[in-house]
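From first to last, the protein sequence lines are chains A and E.
For the first sequence, UniProt numbering begins at 1 and goes up steadily by one.
For the second sequence, UniProt numbering begins at 1 and goes up steadily by one.
Below: the structure, in structure tokens.
Number of protein chains: 2
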Amino acid sequence: MTKFDEATQAIRVDETTYDVCLDPGYSIGGPLNGGYLMAVLLRAVVDASPHEHPVSTTTQFLKAPTPGPARVIVQQLKAGRTAAFTRATLVKDDIAHLEALVTTATLPAEQDVVYTGGPEHLMPPPDDCVRLPDPKPESGMTLNAQMEMRFDPPTIGWLKGEPTGRPEARAHFRMAEPQDPDPFVLALAVDALPPVVFSAGLRGWAPTVDLTWHLRALPAPGWLTLLGGGRLIADGWFDEEVEVWDSAGRLVAQSRQLARVGRG
Amino acid sequence: MTKFDEATQAIRVDETTYDVCLDPGYSIGGPLNGGYLMAVLLRAVVDASPHEHPVSTTTQFLKAPTPGPARVIVQQLKAGRTAAFTRATLVKDDIAHLEALVTTATLPAEQDVVYTGGPEHLMPPPDDCVRLPDPKPESGMTLNAQMEMRFDPPTIGWLKGEPTGRPEARAHFRMAEPQDPDPFVLALAVDALPPVVFSAGLRGWAPTVDLTWHLRALPAPGWLTLLGGGRLIADGWFDEEVEVWDSAGRLVAQSRQLARVGRG
Chain A
1 MTKFDEATQA
11 IRVDETTYDV
21 CLDPGYSIGG
31 PLNGGYLMAV
41 LLRAVVDASP
51 HEHPVSTTTQ
61 FLKAPTPGPA
71 RVIVQQLKAG
81 RTAAFTRATL
91 VKDDIAHLEA
101 LVTTATLPAE
111 QDVVYTGGPE
121 HLMPPPDDCV
131 RLPDPKPESG
141 MTLNAQMEMR
151 FDPPTIGWLK
161 GEPTGRPEAR
171 AHFRMAEPQD
181 PDPFVLALAV
191 DALPPVVFSA
201 GLRGWAPTVD
211 LTWHLRALPA
221 PGWLTLLGGG
231 RLIADGWFDE
241 EVEVWDSAGR
251 LVAQSRQLAR
261 VGRG
Chain E
1 MTKFDEATQA
11 IRVDETTYDV
21 CLDPGYSIGG
31 PLNGGYLMAV
41 LLRAVVDASP
51 HEHPVSTTTQ
61 FLKAPTPGPA
71 RVIVQQLKAG
81 RTAAFTRATL
91 VKDDIAHLEA
101 LVTTATLPAE
111 QDVVYTGGPE
121 HLMPPPDDCV
131 RLPDPKPESG
141 MTLNAQMEMR
151 FDPPTIGWLK
161 GEPTGRPEAR
171 AHFRMAEPQD
181 PDPFVLALAV
191 DALPPVVFSA
201 GLRGWAPTVD
211 LTWHLRALPA
221 PGWLTLLGGG
231 RLIADGWFDE
241 EVEVWDSAGR
251 LVAQSRQLAR
261 VGRG
């Protein structure tokens, strides 16, 4: 069991209740990372489902939870032969923090592809990409230590005052502690990039309002590639789309989140 | 009040309950159209919210309802100054048919754009596009009569056995009964195209499992442009993305649905 597996563990209390413990190691400077929280919630949902994989997850981020013990309440809405529908709530200190709708199904180990588009960007190999500098301990950014990321250089030009002017972020991704990617790692991956609006010249914390992601295939071992973009920044709102490609060149996850532009 | 406004009406019974009547005029040959059902559900959610617009809607399609009286049960999860979060269920004959999570907010009449991408396809004008032939009465496809659509010719090549080989569908869209587009019309619009997989050579009913869409701006009067595509068809699942552009050239809605490939 890796540190990530442990940090996302959900212990069954009864048919609808799971005990979890939110780990301080996934903080983005106070709030916990949304992808990590989704992974915790999905552990409970998948355990409670007759199916094995979370093929579609929508999460509303009602309130940013602090680390510590919490519960996931699951309610089966319908369980069919192909898919099951579950409502799930992450509750801490008696307050709902995340609300989710999850569709589970069982994907085959061998993918049967009728049509696939290709990645819209070709990434330079990891060795030609760059790391972000380690965050200062006082920043409270503990999340960074859990993941290894290598960024496509232009997409972090904003770090030295050279944003590209477009919402974008692209990186190679893997867990810092060696671990083959699985659907829970993908939940972390779809929310692991810096907000794409940084590359459009904006700054400040960009809270996710809701995030939907689809698991399209079980990822092969090795690096994942995260390709992030966005279509519109307006009225204080922006969308962020992330595609996750695995080392076998397959599209394994697609996400879109609606988030608020930071004020900072 | 247009026929569409009437067909989507939600009458408040109490704080959490709305009466609705599902209209047989939105059938796609038996089941009612998912976009129409979302519009009905959103009438109740918006009425119950302190905010005016459904900026994010995720709907799970648990069971296809037949026409007739039904109820929408709404539950406020959190109402903040910027956004409110609501859970909503469409119940008919005591059975949950649609389950949704909706985020409402209030968008300004004048949009303040920081960044916008452009449409990825330039549509020929409506007069150079084509209509679908009227469905036969015995098909039960009553939905088509509610909308006017003009298709980008290659994307309905599948009608005469010439699919493009890619998941795609593009059309100009407006209501048959003159009506300025609003967020409820957009709920219909994001699910109005024929399944994009038809253009990839597949056929048969393609049931939506879940659909998430974001309202990004209040649409200007006039034609809407629907640009539909998809990234992956595999293991019996496909994704369908639709962007809706208004007559002022603005991106007003974005959707992605996960659906099953038809067996027919």
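Here a beta-carbon is modelled for each residue, glycine too, at the ideal position from N, C-alpha and C.
Since I believe residue j is in contact with residue i (beta carbons under 8 Å), could you give me their beta-carbon distance rounded to a whole number of angstroms?
i	j	result
ALA100/A	LEU41/A	6 Å
HIS172/A	PRO126/A	5 Å
ILE11/E	ASP19/E	4 Å
ILE73/A	VAL91/A	6 Å
PRO195/A	ALA145/A	Their Cβ separation, rounded to whole angstroms, is 20 Å, which puts PRO195/A and ALA145/A out of contact at 8 Å.
SER49/E	ALA84/E	5 Å
residue 267/A	ALA234/E	Since the first residue of chain A shown is 1 and the last is 264, residue 267/A is not available in this structure.
LEU251/A	ARG216/A	6 Å
ALA253/E	LEU186/E	5 Å
LEU62/E	LEU77/A	6 Å
LEU32/A	PRO65/A	6 Å
THR86/E	VAL45/E	5 Å
LEU224/E	HIS121/E	In fact, because the Cβ distance is near 14 Å, the residues do not count as touching under 8 Å.
ASP210/A	THR104/A	That pair is no contact at about 19 Å.
GLY35/E	ASP191/E	3 Å
ARG174/E	ALA200/E	About 27 Å separates the two Cβ atoms, so there is no contact after all.
SER255/E	TRP205/E	In fact, because the Cβ distance is near 19 Å, the residues do not count as touching under 8 Å.
VAL130/E	PRO163/E	About 15 Å; that fails the 8 Å criterion.
GLN257/E	THR2/E	About 26 Å; that fails the 8 Å criterion.
Helix, strand or coil: which one does DSSP assign to residue i?
i	result
VAL74/A	strand
TRP223/E	coil
ILE95/A	strand
ALA171/E	strand
GLU148/E	strand
GLY161/A	coil
SER139/A	helix
PHE130/E	The residue you asked about is not Phe; residue 130/E is Val in the sequence shown. Three-state DSSP puts VAL130/E in a strand.
LEU107/A	coil
ALA48/A	helix
LEU37/A	helix
LEU22/A	strand
ARG43/E	helix
LEU2/A	The residue asked about is misnamed: residue 2/A is Thr in this sequence, not Leu. Coil.
PRO181/A	coil
PRO124/E	coil
PRO119/A	coil
Give the DSSP bridge partners of residue i, in chain order.
i	result
THR8/E	DSSP lists no partner for THR8/E.
LEU101/A	THR58/A and ARG87/A
THR17/A	ASP14/A and ILE73/A
LEU32/A	SER27/A
VAL113/E	ALA234/A
ALA79/A	ALA84/A
GLY262/E	GLY262/E is not bridged to any residue.
residue 308/E	A query on residue 308/E cannot be resolved here, the shown segment of chain E reaching from 1 to 264 and no further.
HIS53/A	ALA105/A
- [ ] Compile a chain-ordered list of the residues in the stretch 139–161 of chain A whose CB is closer than 9 Å to at least one CB of chain E.
- [x] none
Open item on the list: Can you pull out the residues from the stretch 95–110 of chain A whose beta carbon lies closer than 7 Å to at least one beta carbon of chain E?
Closed with: ALA96, GLU99, LEU101, THR103, LEU107 and PRO108
- [ ] Check each residue of the stretch 40–63 of chain A: if its Cβ is closer than 8 Å to any Cβ of chain E, include it; give the result in chain order.
- [x] VAL55, SER56, THR58, GLN60, LEU62 and LYS63
- [ ] Closer than 9 Å, Cβ to Cβ, to anything on chain E: give me those residues from the stretch 115–134 of chain A, in chain order.
- [x] TYR115, THR116 and GLY117
Open item on the list: I'd like the ranges of any beta strand (DSSP E) spanning at least 3 consecutive residues and lying wholly in the stretch 187–259 of chain E.
Closed with: List check, beta strand (DSSP E) in window: 208–215, 224–229, 232–234 and 237–245.
TODO: With 9 Å as the C-beta to C-beta threshold (strictly closer), list the residues of the stretch 216–234 of chain A near chain E in chain order.
DONE: ARG216, ALA217, GLY229, GLY230, ARG231, LEU232, ILE233 and ALA234
Open item on the list: Closer than 8 Å between beta carbons: that is the criterion. Which residues of the stretch 75–86 of chain A meet it against chain E?
Closed with: For the stretch 75–86 of chain A, which is checked against every Cβ of chain E, the residues closer than 8 Å are LEU77, LYS78, THR82, ALA83 and PHE85.
Open item on the list: Please identify, using Cβ separations under 9 Å, the residues of the stretch 163–191 of chain A that lie next to chain E, in order along the chain.
Closed with: GLY165, ARG166 and PRO167
Open item on the list: To be precise: take each residue of the stretch 21–41 of chain E, compare its Cβ to all Cβ atoms of chain A, and keep it if any distance is under 9 Å. Which residues remain?
Closed with: Of all residues in the stretch 21–41 of chain E, none has a Cβ within less than 9 Å of some Cβ in chain A.
Task: Short-range partners of chain A found in the stretch 252–263 of chain E, where Cβ spacing is below 9 Å - done: GLN254, ARG256, LEU258, ARG260 and VAL261
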